[in-house]
Amino acid sequence: MQKPRKPESLDSDTIAAPATAAGQAGVGIIRVSGPQARSIAAKITGVEPLPRQAQLRDFFATDSSIIDSGIVLYFSQPNSFTGEDVVELQGHGGPVVMQMLLDAVLGLGARLARPGEFTERAFNNGKLDLAQAEAVADLIASSSIAAARGASRSLAGEFSASVHAIDAKVVELRMFVEAAIDFPDDDIDLLAGGQVGERLIDILEALNSLLCECAQGILLRDGVTLALLGAPNVGKSSLLNALAGEARAIVTDIPGTTRDLVQVDLVLDGLPVVVVDTAGLRESADPIELEGVRRARREGVNADIVLGVVAVDEQQTEWSFDTLEAVLPDLDPSRLIQIANKIDLVPDMADSLPAGVVAVSALTGQGLDALIAVIKNAVGYAADGGRFTARKRHVLALEAALAAAARCRTLATGTMAGELIAEELRQVHAALGDIVGEMTSDELLGEIFSRFCIGK
Ligand SMILES: Nc1nc2c(ncn2[C@@H]2O[C@H](COP(=O)(O)OP(=O)(O)OP(=O)(O)O)[C@@H](O)[C@H]2O)c(=O)[nH]1
Ligand SMILES: [Mg+2]
32 MQKPRKPESL DSDTIAAPAT AAGQAGVGII RVSGPQARSI AAKITGVEPL
82 PRQAQLRDFF ATDSSIIDSG IVLYFSQPNS FTGEDVVELQ GHGGPVVMQM
132 LLDAVLGLGA RLARPGEFTE RAFNNGKLDL AQAEAVADLI ASSSIAAARG
182 ASRSLAGEFS ASVHAIDAKV VELRMFVEAA IDFPDDDIDL LAGGQVGERL
232 IDILEALNSL LCECAQGILL RDGVTLALLG APNVGKSSLL NALAGEARAI
282 VTDIPGTTRD LVQVDLVLDG LPVVVVDTAG LRESADPIEL EGVRRARREG
332 VNADIVLGVV AVDEQQTEWS FDTLEAVLPD LDPSRLIQIA NKIDLVPDMA
382 DSLPAGVVAV SALTGQGLDA LIAVIKNAVG YAADGGRFTA RKRHVLALEA
432 ALAAAARCRT LATGTMAGEL IAEELRQVHA ALGDIVGEMT SDELLGEIFS
482 RFCIGK
């Protein structure tokens, strides 16, 4: 468990919010946290709640009318999610019942919680570190099984443990360097022995490998955007449907069928993606089609990966990606995957395609697995995915730590200026502390928690 972040300022007010989603459901839960949680539960049910026991009780409004009957669960502090007294009132999950129950709780002195405030209190009370708190939101929002597993590993503290393991090495090295600075008269110069450099290599390697894992973790959490672009009628919409496994976009043999963007969220072999189908690229006098092409181009500029599609058939054995290049002249080749569709029409052509062009048939499904593998490879998604979910914030902090550690290494092989090495190590330590929230500013914390949903 973490050290409480602000033990002196433990929140004195009591917060409440629905912990379950709005709408009709078998059960709905109002969660209450803070010093008054227990007494509010006692007033609502007419009986003192017992810690960690599910008790069936009637729930009463402030005017003593009955609202519902359900389960009351009480967790006495510090053994609760937030570290405060927490009460869950589990009633029937109808919007009106939930609102009446919430009103009763608010009428007894609680106030409505801000988004993420329960988790923020858990963080402030040392129940979770910041990376774990972020994992709570990521677990709720996860779009794939792999992302959910990654988030729950982060929530269990695996990611934080990796950060702490590197930080422990940094702290140890800092102590060594600072001791060497403080006792300069000793016979041996501790800094000259090559030890600092060796230990730094170890730290750099560990930082690098965690950074790679974080990059995977971001893919796992955020996924990537793929834009299907190409001339009319090459089979872009058919390809979208084939990847989605259902008819999401209209397909006809009339060129210019797709006018607007069609966006589908999918998970391709563990990788969350947003696939955007676009209007076929061609000159046109039709203002609707022109706007469609303009939007297609914009998607091509913004997407992580452009899936450039051409069609091969008996008539068209000579083909190129000129149409796409004309529209996106500055497209970085690393962002482009070239696809030759309709390979079922000319199966022999599959072997004579230029290197890097993926032959597929949206009609028969041929080549789709290979295409998915090429996509995963292009975005750097490892076969087994990420070990835990991560955020851009974590990557930036690790990059800052890595840069300071690299500067440290240069100093250690060159001037051996102890004070400068110590200062760079302090920066590595600070950057790592930022990830788990030991050194994070209140402003950033506010921003992180405000993106949570209410009730979490
Ligand atoms: N034989 C064969 N026909 C295909 C294949 N993919 C698409 N088609 C056909 O090609 C035609 C055009 O397909 P679409 O998916 O609408 O093409 P599009 O690129 O989205 O066309 P626009 O929306 O007009 O830009 C349809 O008649 C499809 O059935 C394929 O792999 N093999
Ligand atoms: Mg289309």
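Heads up, the sequence shown is in our numbering, so the first residue is 32 and it goes up one at a time. Just so it is clear, CB atoms sit at the ideal spot from N, CA and C, and this is done for glycine as well.
Ligand 2 heavy atom lying under 8 Å from the CB of residue i
| i | result |
| --- | --- |
| Ser315 | no |
| Gly311 | yes |
| Val63 | no |
| Ile406 | no |
| Asp99 | no |
| Ile281 | yes |
| Asp308 | yes |
| Thr289 | yes |
Residue burial classification, residue i (beta-carbon count within 10 angstroms, cutoff 16)
| i | result |
| --- | --- |
| Met129 | buried |
| Ala393 | buried |
| Thr444 | exposed |
| Asp379 | exposed |
| Asp99 | buried |
| Pro38 | Note that Pro38 has pLDDT 48, beneath the 50 cutoff, so the model's placement of it is unreliable and no number is given. |
| Phe106 | buried |
| Phe190 | buried |
| Gly225 | exposed |
| Gly398 | buried |
| Pro49 | buried |
| Ile71 | buried |
| Asp465 | buried |
| Gly124 | buried |
| Ser481 | exposed |
Residue i Cβ short of 8 Å to ligand 1 heavy atom set
| i | result |
| --- | --- |
| Leu399 | no |
| Gly266 | yes |
| Thr354 | no |
| Ala491 | One cannot answer for residue 491 here, as it falls past the ends of the chain, which runs 32 to 487. |
| Gly331 | no |
| Ser499 | Shown here, the chain extends from 32 to 487; a query on residue 499 therefore has no answer. |
| Asn372 | yes |
| Ala357 | no |
| Asp284 | yes |
| Leu394 | yes |
| Leu376 | yes |
| Val103 | no |
| Ala275 | no |
| Val388 | no |
| Ala342 | yes |
| Val426 | no |
| Gly261 | yes |
| Val136 | no |
Beta-bridge partners of residue i, as assigned by DSSP
| i | result |
| --- | --- |
| Gly124 | Ala56 |
| Tyr105 | Pro82, Val118 |
| Asp296 | Val305 |
| Asn372 | Ala342 |
| Phe483 | Paired residue(s): none; Phe483 is not in a bridge. |
| Asp353 | DSSP lists no partner for Asp353. |
| Thr289 | Note: Thr289 sits in no beta bridge, so no partner. |
| Ala47 | Val63, Leu143 |
| Asp89 | Ser100 |
| Gly261 | Val340 |
| Ala166 | Partner(s): none; Ala166 has no beta bridge. |
| Ala390 | Ala371 |
| Val255 | Val304 |
Anticipated Cβ contact below 8 Å, residue i with residue j, distance rounded
| i | j | result |
| --- | --- | --- |
| Arg205 | Leu451 | Not confirmed; about 13 Å, so no contact. |
| Leu367 | Gly339 | 6 Å |
| Gly248 | Phe419 | 5 Å |
| Leu429 | Cys245 | 6 Å |
| Leu463 | Val201 | 7 Å |
| Ile46 | Ser64 | 6 Å |
| Asp308 | Lys373 | Between Lys373 and Asp308 the Cβ distance is about 16 Å, and since that is not below 8 Å, they are no contact. |
| Phe90 | Ala153 | Wrong, their Cβ atoms sit about 26 Å apart, outside the cutoff. |
| Ile234 | Ile281 | Incorrect: roughly 56 Å between the Cβ atoms, too far for contact. |
Reference residue i, options the options, closest by Cα
| i | options | result |
| --- | --- | --- |
| Val167 | Thr150, Ser174, Gly157, Ala177 | Thr150 |
| Val306 | Arg325, Ile285, Gly276, Pro286 | Gly276 |
| Ile479 | Thr113, Ala162, Arg252, Gln55 | Ala162 |
| Asp253 | Val304, Asp284, Asp116, Ala280 | Val304 |
| Ser183 | Glu322, Val78, Leu170, His425 | Leu170 |
| Gly261 | Thr283, Leu376, Val324, Asp300 | Val324 |
| Leu132 | Arg62, Gly157, Ala196, Glu79 | Arg62 |
| Ser175 | Gly140, Leu302, Gln294, Gly147 | Leu302 |
| Leu259 | Leu292, Val227, Gly138, Val282 | Leu292 |
| Arg422 | Ser185, Gln458, Leu231, His195 | Ser185 |
| Ile95 | Val103, Gly101, Gly77, Ile102 | Strictly speaking, residue 95 in this sequence is Ser, with Ile absent from that position. The candidate whose alpha carbon is nearest that of Ser95 is Gly77. |
| Asn272 | Gln294, Gln67, Val389, Arg313 | Gln294 |
| Ala409 | Gly387, Leu143, Pro263 | Gly387 |
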